[in-house]
Structure formats: C-alpha cells, structure tokens
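**Q** The structure under discussion is supplied below as structure tokens; questions concerning it will follow.
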Amino acid sequence: MGNPVGSFIWYELMTSDSDAAAAFYGSVVGWKIGANVMPQAGMDYRMIERVDGGGAGCGYTGGVFALDDEMIGQGAKPAWMGYVYVPDVDAKVAEIMAEGGSTHVPATTMEGVGRFALVADPQGAAFYVMTPEPPADDPDATSDVFSVDKPQTMRWNELVTPDDDAAVAFYTKHFGWTQQGAMPMGPLGDYRFIQLEGVQIGAIMKQADFMPVPGWTYYIGVDDIDRALAAVREGGGRPMGEPQQIPTGEYTLHAFDPQGAYFGLVGPRP
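What follows is the structure in structure tokens.
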C-alpha cells in the first residue's frame, strides 16, 4: 500500500438509518452515498463518494454501515470510526492487548477488502486497525480519505482521553506518530498535536468532566462552515454551539447527526 504505516486510511459511519444518513450528510457535506454494495454478504454497506471535483486516489471518504436490530440490541450505537493502517493486524492486536487495550471485534478477513479488527486503547477509545487488500492491478494503491485542507475529506483526528500522557506514549509507540507542539487549554492542560511523517493529522487532549466517554472525533472538511451549520439544523442534527475560529483562520463545529453519531466540521467562513 502506498500510505505510510499508521495512516488513517478509512472512515466509517455506523448508523441506524442509512437512507437518512445519506440525505443528511449529502446536504451538510456534499457527499453522495449510494446503494448497498454488499447485499450478498447479508449487510447494508454503502460508499461515501466525494463529488467536489476531486477524485484523485480512491475518490471516497469512507463507508456507511447499517446497524441491524441485533447489533442495536447488544448496545451498538451510531458513531464514526477510523481505520489505521498496520502491516499485520494480528500482531498489532496482540501488542495492544498486552498493554491493557481490548478487542471488540476480533481480527477478521473480508475478501476484496482486507483484514481488520476493532480495538480500544488502554484508556477505552475505540478504533480499527486494518491491513487492506489492494486491487490486483494496483498493489501500491493509496488512500486519500484524509487530507489537511480539502473539503469532503476527513481533515482532523482528535482524541479525548482521561490520560493524555499515556495516550501519547501508546500511539507514538504503536503507529509511528510523533507529538510535537501544543496549544494551552487552561484547566484541561495542553491540546497536543500529533504528526505522521511530518504531516499534522490531529491532536490528543485530556477528557473534561462534562465529556461522557473517551474517544476519537473526526472532523469533516466543508466548503462553508455557516452553510454547513444551517444544513445541520435543517436536516435534524444537533449542533453543539456556534462555529469557533481556530489558529488557521478557519472554523470548527461539533454536532450530532439525527441518528446520534457525533462528528466535527472544519472549513472557512467565505
């Protein structure tokens, strides 16, 4: 694969209503979420297609996975999940478990997709590790679902954790990330930036008392933060406050979609 080990190579929305999610994110972000591509596997899985005039690389930002009644009955809830590229899923799962992490979905191989596992770090934040199966005619295929500046891609990966020192040590050890630079946040300590091969991919911060659980938040790039906020409201989502300006001059916003999945937005105010 053409991406560095430790890259976020896929993002997935788990939802209780794929049709509603397609309409909501289509309006907010501009994505096209099509029909089920895995009916033969007995599941509802749809691709998130960018329609912003891009399309270099895979031309997608991820997938939408429909939770069935059994999954919901067992406690599964709508959420965004990220996939991190590793060369050996089984070895990485064993390493994570040895350090006090946990496994929610054991290592699984899906033909034409690759091998993956859903794990949680020692502080309880869940994410996938994955060794993708590249196309036969393109063994060095590169995922472009993450970018630092393009709308309709994921642009930032933010971890909220009860122990930011332990989290920095864990992720830098296991995924080749670095931690350089920080922004003071008062009582919450530092907002600590993380990089992969010199590219700033996100940040790690300490969990505040009002934050219910540790976890990752993924920020979706939009072309206009105010337009996107209006679409969130009109589409039945629940924004958490107003857009906040960040040091780059752009704005961020947190929200819940109508099914309850939490996400971030980042973009300009033209």
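For the sequence shown, counting from 1, position 158 maps to 158 in UniProt numbering; every step adds exactly one.
No residue lacks a Cβ here, since even glycine has one placed at the ideal position from N, Cα and C.
1) Is the beta carbon of Trp80 less than 8 Å from the beta carbon of Ala231?
2) Thinking C-alpha only, which one of Met14, Val222, Gly221 and Phe263 is nearest Arg46?
3) Straight-line CA distance for Thr161 to Val119?
4) Candidates Gly198, Leu196, Asp163 and Ala169: which alpha carbon is nearest residue 272's?
5) Quick check: the Cα distance between Gln200 and Val105, rounded to an integer number of angstroms?
6) Quick one: what does DSSP say Ala126 is sitting in, helix, strand or coil?
7) Roughly how many angstroms separate the alpha carbons of Phe116 and Pro258, rounded to a whole number?
8) Given this structure, state the Cα-to-Cα distance separating Ala20 from Glu12, to the nearest angstrom.
9) Grab me the residues of Ala208's own chain with a C-beta within less than 7 Å of its C-beta, minus the 5 sequence neighbours each way, in chain order.
10) For Val28, which of Gly236, Glu242 and Pro247 has the nearest alpha-carbon?
11) Between which two residues does the beta strand (DSSP E) harbouring Arg192 extend?
12) Which residue or residues does DSSP assign as beta-bridge partners of Phe65?
13) Can you have a look at Phe97 and say buried or exposed, based on whether 16 or more other CB atoms are within 10 angstroms of its CB?
14) So who's on the other strand from Ile220, going by DSSP bridges?
15) Which residues in the same chain as Thr252 place their Cβ atom closer than 7 Å to its Cβ, once the five residues preceding and following it in sequence are excluded?
16) Measuring alpha carbon to alpha carbon, tell me which residue in Arg192, Ile48 and Met240 is nearest Tyr171.
17) If you run the structure through DSSP and keep just helix, strand and coil, what is Phe24?
18) Under the rule that 16 or more other beta-carbon atoms within 10 Å means buried, what is Arg155, buried or exposed?
19) Within a Cβ cutoff of 7 Å, which residues of the same chain sit near Gly6, ignoring the five residues on either side of it in sequence?
20) The beta strand (DSSP E) with Ile225 in it runs from where to where?
21) Quick one: is the Cβ of Gly101 within less than 7 Å of any heavy atom of the ligand SAM?
22) Are there 16 or more other CB atoms within 10 angstroms of the CB of Gln123, so buried, or fewer, so exposed?
23) Give me the Cα-Cα distance between Met1 and Phe8, rounded to the nearest whole angstrom.
24) Which class does Gln40 belong to by DSSP, given the choice of helix, strand or coil?
25) Tell me the rounded alpha-carbon separation between Gln179 and Lys206.
26) Asp149: buried (16+ other C-beta within 10 angstroms of its C-beta) or exposed?
27) Which first and last residues belong to the beta strand (DSSP E) in which Ala107 is found?
**A** Reading it off the structure:
1) no
2) Met14
3) 15 Å
4) Outside the shown range of the chain (1 to 270) lies residue 272, about which nothing can therefore be said.
5) 29 Å
6) strand
7) 28 Å
8) 15 Å
9) Leu188
10) Gly236
11) Asp190 to Leu196
12) Met14 and Tyr45
13) Checking the displayed sequence, the identity of residue 97 turns out to be Met instead of Phe. Label assigned to Met97: exposed.
14) Met154 and Leu265
15) Tyr219, Pro243, Gln244, Ile246, Gly264, Leu265 and Val266
16) Arg192
17) helix
18) buried
19) Val84, Tyr85, Phe175, Gly176, Trp177 and Leu196
20) Not the beta strand (DSSP E): Ile225 falls in the alpha helix (DSSP H), residues Ile225 to Glu234.
21) The ligand SAM is not part of the structure shown, which contains no ligands of any sort.
22) buried
23) 13 Å
24) helix
25) 15 Å
26) exposed
27) Ser102 to Met110
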